Amino acid sequence: MREVLRSADSIPTSVVDPIAGEFDALSPAYDVISAARTGQPAGAIAGGPVRALQVRAVPPAPLPMAQAGALVPSPSSVDGTLPLADRFGRVASDIRISLTDRCNLRCEYCMPAEGLPWQPREEHLTADEIIRISRVLVGLGIRTIRLTGGEPLLRKDLPEIIAALHAIPELEDVALTTNGVLLERQAAAIAAAGGARLNVSLDSADPEEFKAITRRDDLDRVLAGLVEARRHPELRPIKINAVALKGVTEGALDGLLAVASSVDAELRFIEPMPLDADRAWTPDDGLSGAQLRDLLAQRGELRPVETAKSATAQRYELGPGGQVVGFISSVTEPFCASCDRLRLTADGQLRSCLFSHDETDLRTALRAGASADELEALIRGAVWAKPQGHGMNEPGFEPPDRPMSAIGG
Ligand code: SAM
Ligand code: SF4
0 MREVLRSADS IPTSVVDPIA GEFDALSPAY DVISAARTGQ PAGAIAGGPV
50 RALQVRAVPP APLPMAQAGA LVPSPSSVDG TLPLADRFGR VASDIRISLT
100 DRCNLRCEYC MPAEGLPWQP REEHLTADEI IRISRVLVGL GIRTIRLTGG
150 EPLLRKDLPE IIAALHAIPE LEDVALTTNG VLLERQAAAI AAAGGARLNV
200 SLDSADPEEF KAITRRDDLD RVLAGLVEAR RHPELRPIKI NAVALKGVTE
250 GALDGLLAVA SSVDAELRFI EPMPLDADRA WTPDDGLSGA QLRDLLAQRG
300 ELRPVETAKS ATAQRYELGP GGQVVGFISS VTEPFCASCD RLRLTADGQL
350 RSCLFSHDET DLRTALRAGA SADELEALIR GAVWAKPQGH GMNEPGFEPP
400 DRPMSAIGG
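End of the sequence shown sits at 408 in numbering that gives the first Met the number 0; the numbers just go up one at a time, nothing left out.
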């Protein structure tokens with residue numbers, strides 16, 4: 000063990016070497032962990048500045064060694080930073096950052112026809128605040144940042160944010176999820192800012208159906224956006240995300256496959272989740288990944304494609320053309336056990352799970368002058384408290400207070 004701190008009375012346990020895996024308890028006190036990193040003696044910790052951090056997560060009992068052993072060090076632990084781990088051994092490496100709760104579409108599974116009461120703009124994180132939090136997150140092992148919303152292309156400073164993210168040396172991957180309506184106009188600026196792996200949401204390539212789902216007549220703009228995006232290598236790979244809606248997607252499959260193939264995009268199907276603002280979701284609204292695979296298998300052989308363990312989508316190549324299709328089956332085949340994601344809402348609330356009822360207020364801390372160490376402690380506490388699973392299929396499940404558009408999908 001490289002470093003062990005024996006605690007004062009107020010610090011309940013010792014720490015820490017995740018690389019050697021030799022910790023005799025995974026400390027519930029993140030202040031101890033922070034201090035271990037600064038190299039202060041234990042005595043100084045109890046009364047020192049580190050105790051002043053507002054660490055929220057205090058797990059009731061140490062993990063057994065078997066579970067602690069599941070804490071595979073993140074790459075950053077090699078240089079002495081502890082992995083951004085939760086109680087169940089998962090290590091966060093990916094965050095979705097919402098840039099706005101506003102949107103120019105009104106998808107029926109997401110927003111009410113009349114929209115929502117938008118958050119005041121001054122409550123949204125500024126570009127500088129987003130970058131400051133991102134730097135801390137990357138320092139803790141986050142390697143992918145996906146920008147989302149609401150509709151992120153409504154943020155005028157989007158290229159500026161993307162460029163600043165690319166300037167964070169250890170960040171490996173910048174991605175963007177958009178409805179594509181404003182993409183034709185903005186693709187070049189996003190590419191010039193360094194680009195982003197692009198996910199474009201499209202549930203049907205039929206104009207009337209598109210209009211019925213999104214309550215807007217913008218299919219042509221989305222298709223033009225995809226064509227324009229394809230011209231920019233900085234925006235690849237492109238994925239098209241379709242929410243799998245019973246009674247719609249069955250008939251939309253061929254149109255979606257044609258669009259995906261025409262712009263060299265992977266086509267992915269997402270099971271609808273209880274995140275609609277109308278709270279009208281029922282488990283019967285969606286087609287499951289298994290049902291979709293059966294439908295697609297009628298069009299050609301489905302060959303599994305190897306995919307990273309923490310990936311949300313199960314991927315296949317379809318037929319002789321090899322069109323890649325993916326299935327994100329959060330409802331029927333949950334992947335919570337390998338979830339490495341966090342979410343940051345446009346108003347600066349960190350969520351460890353899409354379905355959390357708890358949020359950690361980074362914006363208030365930031366605006367009150369929190370240091371990077373203080374932000375780190377808040378982030379570690381939030382991650383530690385990540386729930387084991389979304390609980391969607393359990394009795395008593397309550398959807399989160401915020402709908403998808405106000406969390407960031
Ligand atoms: N406005 C952008 C868009 O639509 O791509 C980004 C935000 S949107 C919330 C991100 C993704 O969440 C989209 O692919 C959308 O289809 C998906 N989504 C929204 N509501 C959903 C729900 N209730 N269940 C499953 N996916 C949902
Ligand atoms: Fe807007 Fe995206 Fe929600 Fe549709 S899914 S209403 S495009 S935020």
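Here a beta-carbon is modelled for each residue, glycine too, at the ideal position from N, C-alpha and C.
Remember, it's a predicted structure, so these values are computed and weren't measured experimentally.
Delimiting residues of the alpha helix (DSSP H) encompassing residue i
| i | result |
| --- | --- |
| Leu225 | 218 to 229 |
| Thr248 | 248 to 261 |
| Glu128 | 126 to 138 |
| Arg213 | First, the residue type needs correcting, since residue 213 is Thr and not Arg in the sequence shown. That run of the alpha helix (DSSP H) goes 206 to 213. |
| Val199 | Premise fails: Val199 lies in the beta strand (DSSP E), 196 to 200, not in any alpha helix (DSSP H). |
| Ala163 | 157 to 165 |
| Ile141 | Element bounds for Ile141: n/a, residue is neither H nor E. |
| Asp372 | 371 to 383 |
Nearest residue (CA-CA) to residue i, options the options
| i | options | result |
| --- | --- | --- |
| Ala384 | Glu375, Pro394, Leu374, Glu358 | Glu358 |
| Arg214 | Phe354, Tyr108, Arg235, Gly347 | Tyr108 |
| Gly194 | Ile237, Phe209, Gly318 | Ile237 |
| Ile269 | Gly408, Val382, Ile94, Asp127 | Gly408 |
| Pro206 | Val221, Asn198, Ala192, Arg196 | Val221 |
| Leu153 | Ser97, Ala211, Lys308 | Ser97 |
| Glu171 | Gly254, Ile161, Trp117, Leu244 | Ile161 |
| Thr331 | Ala187, Arg86, Thr311, Arg340 | Thr311 |
| Asp372 | Arg95, Pro116, Leu139, Arg101 | Leu139 |
| Glu397 | Pro273, Ala228, Met403, Ala307 | Pro273 |
| Ser329 | Arg235, Ala289, Cys102 | Ala289 |
| Asp277 | Ser404, Pro303, Ala345 | Ser404 |
| Leu181 | Ala84, Pro151, Pro232, Glu208 | Pro151 |
| Arg387 | Glu208, Thr363, Pro333 | Residue 387 is actually Gln in this sequence, not Arg. Minimum Cα distance to Gln387 is reached at Pro333. |
| Cys335 | Ala241, Val90, Leu301, Asp253 | Val90 |
| Ile412 | Ala376, Ala367, Asp339, Pro402 | Any property of residue 412 remains undetermined from this structure, which presents the chain solely from 0 to 408. |
Where the beta strand (DSSP E) through residue i begins and ends
| i | result |
| --- | --- |
| Leu301 | 301 to 304 |
| Asp293 | It is not in any beta strand (DSSP E) - Asp293 instead sits in the alpha helix (DSSP H) that spans 288 to 296. |
| Val330 | Looking at the DSSP string, Val330 is not in any beta strand (DSSP E), and its letter there is neither H nor E. |
| Thr176 | 172 to 177 |
| Ser351 | Per DSSP, Ser351 belongs to no beta strand (DSSP E) and is neither H nor E. |
| Leu234 | Where Leu234 is concerned, there is no enclosing beta strand (DSSP E), given that its DSSP letter is neither H nor E. |
| Ile406 | Run containing Ile406: none in the beta strand (DSSP E); it sits in the alpha helix (DSSP H), 403 to 406. |
Nearest-angstrom beta carbon gap, residue j and residue i [assumed within contact, 8 Å]
| i | j | result |
| --- | --- | --- |
| Ala264 | Asp202 | That pair is no contact at about 14 Å. |
| Val137 | Ile167 | 5 Å |
| Ala190 | Glu159 | Contact flag wrong, Cβ pair sits at about 14 Å. |
| Gly224 | Gly179 | 4 Å |
Bridge-paired residues (DSSP) for residue i
| i | result |
| --- | --- |
| Gly325 | Arg267, Arg314 |
| Val180 | None, per the DSSP bridge assignment. |
| Ala241 | Phe268 |
| Ser97 | Thr147 |
| Arg342 | Arg95, Arg350 |
| Asp360 | Gln348 |
| Ala84 | Val90 |
| Gly285 | Leu244 |
Check your understanding: Does the segment 106 to 125 come close enough to the segment 137 to 146 that 3 or more CB-CB pairs lie under 8 Å?
Key -> Too few Cβ pairs lie closer than 8 Å, so no.
Check your understanding: Do the segment 379 to 397 and the segment 309 to 325 meet, that is, are 3 or more Cβ pairs less than 8 Å apart?
Key -> Taking a contact to require three or more Cβ pairs closer than 8 Å, the segment 379 to 397 and the segment 309 to 325 do not qualify as touching.
Practice item. Report yes or no: do the segment 157 to 166 and the segment 391 to 398 share at least 3 C-beta pairs separated by less than 8 Å? Key: The segment 157 to 166, when compared against the segment 391 to 398, does not touch it at the 8 Å Cβ threshold.
Practice item. Taking 8 Å as the threshold, find out whether the segment 115 to 126 comes into contact with the segment 335 to 352 through three or more Cβ pairs. Key: Look at the beta carbons and you see the segment 115 to 126 touching the segment 335 to 352: at least three pairs across the two are nearer than 8 Å.
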